[in-house]
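The sequence shown begins at 86 in the numbering used here and counts up by one.
Built from N, CA and C at the ideal position, the CB exists for glycine as well.
Being a predicted model, the structure only gives us computed values, none of them experimental.
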Amino acid sequence: MKRVLVTGATGNIGREVIHFLNELNQECEIIAAARDVESAKKEFLGYPSLSFEWFDFENRNSFASAFESIDRLFLLRPPHISEVEKYFQPLLLAAKESGIEEIVFLSVQGVEKSSIIPHNKIEALIRSYGFKYIFVRPGYFMQNLTTTLLAEIRENHTITLPSGHAKFNWIDVGNIGEATAMLINSFPEYQNAGYDITGTENKDFYQVTYLMSKVIGTEICFNSINPLSFYFKKRNEGVQKGFALVMTMLHFLPRFQEEPEISENFEKLTGKSPTRLADFIEREKIKMTRLNWM
Numbered sequence: 086m087k088r089v090l091v092t093g094a095t096g097n098i099g100r101e102v103i104h105f106l107n108e109l110n111q112e113c114e115i116i117a118a119a120r121d122v123e124s125a126k127k128e129f130l131g132y133p134s135l136s137f138e139w140f141d142f143e144n145r146n147s148f149a150s151a152f153e154s155i156d157r158l159f160l161l162r163p164p165h166i167s168e169v170e171k172y173f174q175p176l177l178l179a180a181k182e183s184g185i186e187e188i189v190f191l192s193v194q195g196v197e198k199s200s201i202i203p204h205n206k207i208e209a210l211i212r213s214y215g216f217k218y219i220f221v222r223p224g225y226f227m228q229n230l231t232t233t234l235l236a237e238i239r240e241n242h243t244i245t246l247p248s249g250h251a252k253f254n255w256i257d258v259g260n261i262g263e264a265t266a267m268l269i270n271s272f273p274e275y276q277n278a279g280y281d282i283t284g285t286e287n288k289d290f291y292q293v294t295y296l297m298s299k300v301i302g303t304e305i306c307f308n309s310i311n312p313l314s315f316y317f318k319k320r321n322e323g324v325q326k327g328f329a330l331v332m333t334m335l336h337f338l339p340r341f342q343e344e345p346e347i348s349e350n351f352e353k354l355t356g357k358s359p360t361r362l363a364d365f366i367e368r369e370k371i372k373m374t375r376l377n378w379m
């Protein structure tokens, strides 16, 4: 029985990966890696066969015990961690020393075109250490509208980013989790390659806020600002330096890149169609609104 360790287990992606791995008819033992194990156990009460390991990206003392007897590692990058050599180099070395041979890494679409973003460097490290790998490269998370961008949407009815008219491919985190679970479960069939996981819609934020306005019934506006102003705006809001920098790059660099390619990998892996953005906004509109909106 393969033992699969899922990092970021209590986050948006990790939770979905565990959910869909648990649903698959497969012979893997799933272990949730979490910084707060007791809290994680409460979140996964409906998963009696799930095991737990203490794991903290920022604490090297957690690596050896978490990686012991693990065959396959699902790895992601926490949003606030951008220093690859400081955090991911020792992590990957520890994984290698523990005997882990297979890594599924949550990267990002277009990573191969940008050596600046952390995901590119992490992919390079994984290859350089000789791991068998799968790189999952999703488009832009629909859930950003209900997480990192939510406060401004609810308070000001606006979205402010340095993205201009750059188009992003919109994908539901649930779709990413399901496709990733399929790849983890069938690792030998897909190993040593990268897979774009996309939705069917490329839209810029002017189009997205127009769609949100129609679905929600309240006008939402998009403000495009220069990247330096955006970076300091995030810092003034209390966002950590590394996270603010990555947010800036991920929203500014697409202005100089071609429109994202739409992939059929999700349909091929799951036999399903990905979530439409309008359906996602309809599903989540309660989170985006306040009772005193008129």
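Nearest candidate by alpha-carbon position, reference residue i, set the options
i: residue 212; options: 231, 249 and 173; result: 173
i: residue 156; options: 170, 214, 344 and 181; result: 181
i: residue 313; options: 324, 325, 301 and 330; result: 330
i: residue 253; options: 303, 287 and 114; result: 287
i: residue 226; options: 365, 170 and 178; result: 365
i: residue 356; options: 263, 161, 308 and 150; result: 263
i: residue 350; options: 231, 265, 210 and 96; result: 265
i: residue 88; options: 95, 132 and 136; result: 136
i: residue 192; options: 127, 122 and 281; result: 281
i: residue 248; options: 129, 195 and 332; result: 332
i: residue 246; options: 130, 369, 209 and 337; result: 337
i: residue 257; options: 344, 148, 367 and 121; result: 367
i: residue 129; options: 104, 234 and 120; result: 104
i: residue 345; options: 121, 289, 228 and 334; result: 289
i: residue 127; options: 95, 99 and 143; result: 95
i: residue 97; options: 315, 229 and 234; result: 229
i: residue 86; options: 112, 342 and 99; result: 112
i: residue 352; options: 291, 283 and 335; result: 283
Own chain, CB closer than 6 Å to residue i, minus 5 neighbours either side, in chain order
i: residue 305; result: 242, 294, 297 and 298
i: residue 238; result: 373
i: residue 141; result: 120 and 147
i: residue 160; result: 92, 188 and 190
Close beta carbons around residue i, own chain, < 7 Å, minus the five adjacent residues each side
i: residue 285; result: 347 and 359
Buried or exposed (CB count within 10 angstroms, at least 16 for buried), residue i
i: residue 134; result: exposed
i: residue 102; result: buried
i: residue 206; result: buried
i: residue 194; result: buried
i: residue 339; result: buried
i: residue 108; result: exposed
i: residue 278; result: exposed
Sequence-distant residues of its chain with Cβ nearer than 8 Å to residue i (five each side left out)
i: residue 328; result: 164, 165, 167 and 319
i: residue 259; result: 101 and 360
i: residue 276; result: 187, 217, 218 and 219
Rounded straight-line distance, which links the Cα of residue j to that of residue i
i: residue 363; j: residue 372; result: 15 Å
i: residue 106; j: residue 317; result: 40 Å
i: residue 202; j: residue 361; result: 27 Å
i: residue 309; j: residue 132; result: 43 Å
i: residue 199; j: residue 324; result: 23 Å
i: residue 177; j: residue 171; result: 11 Å
i: residue 303; j: residue 115; result: 43 Å
i: residue 162; j: residue 300; result: 32 Å
i: residue 150; j: residue 255; result: 37 Å
i: residue 143; j: residue 236; result: 27 Å
i: residue 369; j: residue 251; result: 24 Å
i: residue 204; j: residue 322; result: 25 Å
i: residue 196; j: residue 125; result: 31 Å
i: residue 240; j: residue 231; result: 13 Å
i: residue 342; j: residue 267; result: 30 Å
i: residue 382; j: residue 315; result: Since the first residue of the chain shown is 86 and the last is 379, residue 382 is not available in this structure.
Near the ligand GTP: residue i beta-carbon under 7 Å from a heavy atom
i: residue 265; result: Looking at this structure, you won't find the ligand GTP or any other ligand, since it has none at all.
### Query
For the 8 Å Cβ check, are there 3 or more pairs between the stretch 216 to 229 and the stretch 266 to 275?
yes
### Message
Three or more C-beta pairs under 8 Å: does that hold for the stretch 144 to 162 against the stretch 183 to 190?
### Response
Because the criterion of three Cβ pairs below 8 Å is met, the stretch 144 to 162 and the stretch 183 to 190 touch.
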